[in-house]
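Chemist: Let me give you the structure first, and then I'll get to my questions.
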Amino acid sequence: VVIEERDQREVLYFKGARLGPRGVEALNPAFDITPPELVSGIVTDVGVAGPPLGESLGSLAGRVLMVSR
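Next up, the structure:
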């Protein structure tokens, strides 16, 4: 899998002002690949889904339906 590198200015600048020291460069990957055995939960805007994921994701999906009504 090729991981896209985004422009380093996205992390070195804020509203046009440089935050990082001059001469410092930054890596800014668009995403990462985390091995599944290192994932202990999935954080969402309505809660955290943990093992067993099928059950907890189903519970969170119910919350989403309640919030959006």
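The sequence shown begins at 17 in the working numbering and counts up one residue at a time. Cβ atoms here follow ideal geometry from the backbone N, Cα and C, with glycine treated the same way.
1) If you drop the 5 nearest sequence neighbours on each side, which residues of the same chain put their C-beta closer than 8 Å to that of Ile-19?
2) Buried or exposed for Ala-33, please, with buried defined as at least 16 other CB atoms from any protein chain shown within 10 angstroms of its CB.
3) Can the beta-carbon of Val-62 be found less than 9 Å from the beta-carbon of Leu-76?
4) If I'm right that Ser-72 touches Gly-66 with Cβ under 8 Å, what's the distance once you round it to whole angstroms?
Modeler: Answer, in terms of the structure:
1) Closer than 8 Å at Cβ, skipping near neighbours: Pro-45, Ala-46, Phe-47, Asp-48, Ile-49.
2) Taking a 10 Å sphere around the C-beta of Ala-33, we find fewer than 16 other C-beta atoms and assign the residue as exposed.
3) For the pair Val-62 and Leu-76, the CB atoms are nearer than the 9 Å cut-off.
4) Confirmed, about 6 Å.
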